[in-house]
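Under our numbering, the first residue of the sequence shown is numbered 696, with each subsequent residue one higher.
A virtual CB, placed ideally from N, CA and C, is assigned to each residue, including glycine.
Predicted, not measured: the structure shown is a model, and the values here were computed from it.
These notes are about the structure you will find just below.
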Amino acid sequence: MRVVVGISGGIAAYKAALAIRELVQAGHDVHVVPTASALRFIGRPTLEALSRNPVTDEVFDDVASVRHVALGQQADLIVVLPATANTIAKLAHGLADDLLGTTILASRAPLVIAPAMHTEMWEQAAVRTNVATLVERGATIVGPVAGQLTGADSGMGRMAEPHDVVAAALAVVEGARTAGSLAGRTLVVSAGGTREPIDPVRFIGNRSSGAMGAAIAAAARDAGATVTLVGANLDVAVPTGVEHVQVETTAQLAEAMAAHAGADVVVMAAAVADYRVDEVADGKRSKESWGEHPTLTLTQNPDILAGLAKRPRSNLVVGFAAETETDDAALVERGRGKLARKGADLLVLNRVGHDEGFGDVGTLVRVLDASGIIAEQSGPKASVARGIIDTVAQQLAARTTTAASTEEPR
Ligand code: CTP
C-alpha cells in the first residue's frame, strides 16, 4: 500500500521516524511530506533513509512529475503525525500553501490525524471546532492522550504512541475494505468475565478484560451490523454505536444472551465462570465465621454456548476457546473436540498463558469449523477481530448462497 506520512512542526516530529519505520517494515511504500517547520525538528536524511524515498517539503521541487498532486492522488492512506494546532486549522480550512496541504487536498485516501499540542491549545474552542470539522468530513483522529508534555507540564495533548497511530491508520483502511459485509445483519457478542459472588464484597472471577469481545463488537459495527454487546465486568470501553447490556454473573449473562439468541450471529467471547458458589452469604464473611481452612461448595454453571448452539436455529453461533496447551497439534485437536461438544458452527481458538492473551496485547487465533482450521489471524486485537468478522461474513454469505440454490423452483 502507498502511504503518505505527513509531519508537522511539533516536538513529537521525531516520533514520526518510528511510525515510518514500522510502515516500511510492514511492506508499505512510504512517502514522507514534512512541513517546513517539521524539518526544524527532524532531519530530511533521517526521513529519506527510513522511508527509502526522496523527501521534500517544497511544492516547486520535481515540478515535471506534478508532485504536488501526484503524491495525494496515488496515496492509499495519509497519516499526519504529529498534527499541530496550526496544521489542523489549515486542513480544516483546506489551505494548500505547502506540499502537505496540496497533497491532502489532491487525495481521496483515508486521512488519519494524530494531534499533539499543549493541553490549553487542545482545549481551545478554535481547535475543537477544527477537529470536529475534520471528523465530520471523514478524517480519523487518533489521540491525543494524557501524559508528559514538552515542558515540565503534563496533561491531555501528548501524541498517541507511533505504533498505536500506525495500527489505527491501518485499521481504517482494513475497515473500509470490510465495510458493509454485515449490512442488515444483527450480531450479539458476550465479552468480559463473569463473577460469582461469595458474599456482598467477594467473588470468584477471572482475568478477562473484555478487549476481544469489544473489538469484535467494533469490527461488526464497522462491517454494518446492528450490534449488542453483553458485557460482564468489562475493563475496556464499550465501542460507540453498540448497544450495551451490562451483566455480572453467569446467570445474568445467560439471561441476556437468551434474550438475543435470535440474532443472525451469536458470539460467546466471554470467559464464563464454570462454577458458582452454593451458598452466597448475606453479610460479609469474617475470618471468625470462616475459620482457618474454609471450604466453598461450588455447583457447575450451565454451558451457555452449548445451550445457544443446540436450540433450533438457522443463525451462526461462534464460540471461543482459550487454552494453555503448548503443543500446536494438540491445541487444535482440543479446539475441534470443544467445537463438536458444544455444537457451535465456529470456534475461535487461542493460546493463553500467564502473560499471553489477556488485556490489550497481540494475539494469534485460529478459526475452526468441523473440518478444521479455516482461517488464521494474528496481530493486535482490533485486526484479529476484523479477521474473525471477515470469516463470519463469508460463512453467512456462503449459507445464503447455498440456501438460495437449493430452494425449490415454484
Ligand atoms: N462457555 C459458556 N458457558 C460456560 C462455559 C463456557 O458459554 N459455562 C463458552 C465460552 O464463552 C466460550 C466457550 O464456551 O465461548 C469455551 O469456553 P471454555 O471455558 O474453554 O469452555 P469449557 O466448557 O469451560 O471448557 P473447559 O472444561 O476446558 O474449561
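Which same chain residues end up closer than 8 Å to S719 when comparing Cβ atoms and leaving out the 5 residues on each side of it in sequence?
First, the amino acid is wrong: residue 719 is Val here, not Ser. Cβ within range, chain order: V725, L745, S746 and R747.
Under 8 Å, do V1146 and P892 count as touching if we go by C-beta distance?
As shown, the chain starts at 696 and ends at 1105. That puts residue 1146 outside it, with no answer to give.
Using CA coordinates, which residue listed in A1001, A864 and S703 is at the minimum distance from A834?
Minimum Cα distance to A834 is reached at A864.
Count the CB pairs spanning the stretch 776-790 and the stretch 818-834 that are closer than 8 Å, and state whether there are at least three.
yes
Does the ligand CTP have even one heavy atom less than 7 Å from the beta-carbon of V925?
no
Same chain, Cβ closer than 8 Å to D1055, five either side skipped, listed in chain order:
The pLDDT assigned to D1055 is 49, lower than 50, so where the model puts this residue is not dependable, and the model offers no usable value.
From A1065 to S732, what distance separates their C-alpha atoms?
58 Å
Return yes when the Cβ of I702 is within less than 8 Å of the Cβ of A708, no when it is not.
yes
The beta strand (DSSP E) enclosing I639, as first and last residue numbers
Residue 639 is absent from the model: the chain starts at 696 and stops at 1105.
Proximal residues to P749 (C-beta, below 7 Å), its chain only, five neighbours per side dropped
Cβ neighbours of P749 beyond the five flanking positions: E743.
Inter-residue CB distance, R853 and V840 (contact presumed, cutoff 8 Å)
5 Å
Are there any heavy atoms of the ligand CTP lying less than 7 Å away from the beta-carbon of G905, as far as the coordinates show?
no
Could you check where the alpha helix (DSSP H) with E717 kicks off and where it finishes?
A711 to Q720
Limits of the beta strand (DSSP E) - the one that D724 falls within
D724 to P729
Candidates G908, I911 and R890: closest to N901 by CA position:
R890
Tell me the DSSP secondary structure of Q819 in three-state form.
coil
Which runs of the alpha helix (DSSP H) spanning at least 4 residues fall entirely within the stretch 856-935, listed in chain order?
857-873 and 906-917
Just tell me which of A721, G722 and D752 has its CA closest to the CA of R735.
D752
For V933 and R916, which I take to be in contact (beta-carbon distance under 8 Å), what is that distance rounded to the nearest angstrom?
11 Å between Cβ atoms; not a contact.
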